[in-house]
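J.: First, the structure itself, so that you have it in front of you.
Protein chains: 2
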Amino acid sequence: MSLLAHWVDGVQGAPLAVDDRGAAYGDGLFESILWSRGRAVWWAHHIRRLSRDATRLGIAPPKPWFWQEDLDFANAWLRAEGCERAVIRLTLTRGRGGRGYAPPVPAEPMRMLQIHDAPGIDAALQPISTMRCRIQLATQPALAGMKHLNRLEQVIARRECAVAHVDEGVMFDTEGALVCSTMGNLLLRLDGRWLTPPIERAGVAGIARDHLIRHGLAVEQPLHEPELARAEAIAVCNSVRGILPVGSLDGQPYEDQKETHALQQALHDIEPSFLAMVG
Amino acid sequence: MSLLAHWVDGVQGAPLAVDDRGAAYGDGLFESILWSRGRAVWWAHHIRRLSRDATRLGIAPPKPWFWQEDLDFANAWLRAEGCERAVIRLTLTRGRGGRGYAPPVPAEPMRMLQIHDAPGIDAALQPISTMRCRIQLATQPALAGMKHLNRLEQVIARRECAVAHVDEGVMFDTEGALVCSTMGNLLLRLDGRWLTPPIERAGVAGIARDHLIRHGLAVEQPLHEPELARAEAIAVCNSVRGILPVGSLDGQPYEDQKETHALQQALHDIEPSFLAMVG
């Protein structure tokens, strides 16, 4: 998934400042957005989350029309290139600053839009292999829920998966609670419902997760190893791939994907850019 | 403390790649080094820590002679400018990568040297005001000890200090153990000794702290609120400023700075670039 084009503060191809606090301290946020059928899927939700989390960090969020202008550039670029699907990454940092953790006053936030190529169109239809990660997520309520730039735990988890030749990792927090997978939120099928763990102490408040909950397709509930062990099916969701069916966990297969396919279909009905298995 | 000059992979003034994983995920490390009397203080120790922590993260550390070449450039620049003191920041990231947390294979790490102006020469001699930070450090043994680029907790802590008009913050972890201050390691004077908390679950294995311990000037010991409350004196140490005397904690003054001045003198005897009160 390589970088195709980018805009920094509205300027195509502009470089990052070497003293940007995003690069120096991870002092910022990002969004990964599916671009499909000529538009950015769930755009308003992503901008709303980004603005909300910026406010939590004390970063003044750009007015939405700045992002809209960036998106207009991206739309024009993608249409001119004849792209059908892509991933748009938005990054917002506190901007440039000197040495030291104290945020500069005043700060001028930096915004960037990047266009990446998209995962294969049928990627979401193939069941993925998963494993329980050894690294546990630290619990930090001050950062939980945000899609911030401090992602070393996820990087370490992905390295574990790569070593094990497994597609994706299931992550617990240091207190033994299930939180998420490395690249999305987690869904367990239990007793006729899809359950997803809370994200108040660790994890990201995913946009796809939000949609599933608001449409009554999933319910938030604290989950631990016993629930994981007896889940009838598992899925991962994120706003780029939609619902990813889990084919196995630490080698144990999930044969019955019926409920997962039904969930894919339900998400497809909400947002047709997310694919579903055909009958 | 503004940026004066920089080198990216040995090239002066070169930009950061917009798809660098340091900027994308905080996937990297840094060092802050005092430059004084024509040389980088404790250079070998900083390079050793950076290399050790890179290995922990699975980032191939550059051979030391690459860093040495960067330092040669910096030395020449600083001497030509007639600088007496400066701060050198080294940054090492996993390098460029596409979207997604999985480290690229192979990865080409990015190294950067930045020259910043130094804090005032007598900064270390003035007692600083401190407060207990509300934000607690998450415990994450997989990252503890490293000076990595995931620094949002410190940024949030510094914002608390700024709001309170206090110089520096004392930080506990989520389990109630004392860990550090926002910009250095912590030293408590108790029962005739300088004590410093362990950094196995959170915090940074500071180079100044290491020197103090190895020279028998401080002892590592688990510390909590009761020890903080009854400390006769408090100091902060880091490898840019040396020993910073704490003048107050949440408004409670520490009148007697005798032991802190003795510690400054002891560090000055080890490394004369760190100042001590005269007589």
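First to last, the protein sequences are chains A and B. If you want the working numbering, it's the position in the first sequence, counting the first as 1, plus 637. If you want the working numbering, it's the position in the second sequence, counting the first as 1, plus 637. A virtual CB, placed ideally from N, CA and C, is assigned to each residue, including glycine.
1) Excluding sequence positions up to five away, which residues of its chain have a Cβ less than 7 Å from the Cβ of A872(A)?
2) Within 10 Å of its beta-carbon, does H643(A) have 16 or more other beta-carbons around it, so buried, or fewer, so exposed?
3) Give me the DSSP bridge partner(s) of V841(A).
4) Comparing alpha-carbon positions, which option in F710(A), W672(A) and T728(A) lies nearest P699(A)?
5) Is the number of C-beta pairs between the segment 739 to 747 of chain B and the segment 673 to 685 of chain B that are closer than 8 Å three or more?
6) For S910(B), which of S669(B), A677(B) and H848(B) has the nearest alpha-carbon?
7) Could you check what DSSP says for W831(B) in three-state terms: helix, strand or coil?
8) With distances taken between CB atoms, is the gap from L815(B) to L860(B) smaller than 8 Å?
9) With 16 other CB atoms within 10 Å as the buried threshold, where does W672(B) fall?
10) At least one CB of chain B closer than 8 Å to the CB of T578(A): is that the case?
11) For A842(B), collect the residues of the same chain with a Cβ closer than 6 Å to its Cβ; drop the 5 residues on either side in sequence, then sort them by chain order.
12) Determine the chain D residues that contact N875(B) at a beta-carbon separation under 8 Å, and present them in chain order.
13) Should D657(B) and R748(B) be called a contact, given that it needs their Cβ atoms to be closer than 8 Å?
14) Taking the C-alpha atoms as reference points, what is the distance between A913(A) and D754(A)?
15) If you reduce the DSSP assignment to three classes, tell me which class N712(B) lands in.
16) Along the alpha helix (DSSP H) that carries R906(B), what are the first and last residues, could you check?
17) Do V803(A) and M768(A) count as a contact pair if the criterion is CB distance below 8 Å?
18) Residues of chain B with CB closer than 7 Å to the CB of M768(A), please, in chain order.
19) Taking CB distances under 8 Å as the criterion, tell me whether R726(B) reaches chain A.
20) Please work out which residues of its chain come closer than 7 Å, Cβ to Cβ, to S885(A), disregarding the five sequence neighbours upstream and downstream, and give them in chain order.
21) With a 10 Å radius around its C-beta and 16 neighbouring C-beta atoms as the bar for buried, classify A775(B) as buried or exposed.
22) Please name the residue, chosen from L640(B), T730(B), G829(B) and W702(B), that lies closest to R867(B) on a Cα-to-Cα basis.
23) To the nearest angstrom, how far is it from the Cα of E857(B) to the Cα of T833(B)?
24) Which residues does DSSP pair with V645(A) in a beta bridge?
25) Let me know if R851(B) comes out buried or exposed under the rule of 16 or more other beta-carbons within 10 Å of its beta-carbon.
26) Cβ closer than 8 Å: which chain B residues qualify as neighbours of V655(A)?
27) Span of the beta strand (DSSP E) holding E668(A)?
28) In chain B, what lies closer than 9 Å to A723(A) by C-beta?
29) Identify each residue in the segment 782 to 795 of chain A for which the Cβ-Cβ distance to at least one residue of chain B is less than 8 Å, and report them in chain order.
30) What residue range is occupied by the uninterrupted beta strand (DSSP E) comprising I684(B)?
31) Starting from R867(B) and walking both ways along the alpha helix (DSSP H), at which residues does that stretch end?
32) Leaving aside the five residues before and after A697(A) along the sequence, list all residues of the same chain whose C-beta is less than 8 Å from its C-beta, in chain order.
33) Using a Cβ-Cβ cut-off of 8 Å, state whether Q649(B) counts as contacting chain A.
34) Work out the CA separation of P652(A) and V655(B) for me, nearest whole Å.
35) Answer with buried or exposed for G757(B), where buried requires no fewer than 16 other C-beta atoms within 10 angstroms of its C-beta.
36) Report the residues of the segment 733 to 745 of chain A with a CB closer than 7 Å to any CB of chain B, ordered along the chain.
T.: In terms of the structure at hand:
1) L824, I880, L881, P882, V883, T897 and L900
2) buried
3) G782(A)
4) T728(A)
5) no
6) A677(B)
7) strand
8) yes
9) buried
10) Nothing about residue 578(A) can be read from this structure; chain A reaches only from 638 to 916.
11) G782 and I836
12) Among the protein chains of the structure shown, namely A and B, there is no chain D.
13) no
14) 21 Å
15) helix
16) The question names Arg, but residue 906(B) is Asp in the sequence shown. From DSSP, the alpha helix (DSSP H) with D906(B) extends over K895 to I907.
17) yes
18) Within 7 Å Cβ-Cβ: nothing; M768(A) doesn't reach chain B, min ~14 Å.
19) yes
20) S766, T767 and Y891
21) buried
22) G829(B)
23) 5 Å
24) V648(A) and M749(A)
25) exposed
26) L640, H643, V645, P652, L653, M749 and Q751
27) G665 to S673
28) What A723(A) touches in chain B: nothing, since even the nearest Cβ is about 10 Å away.
29) H785, L786, N787, R788, L789, E790, Q791, V792, I793, A794 and R795
30) I684(B) -> not in any beta strand (DSSP E); alpha helix (DSSP H) instead, spanning W680 to L694.
31) E862 to R867
32) A691, A744 and P746
33) no
34) 6 Å
35) exposed
36) G735, R736, G737, Y738, A739 and P740
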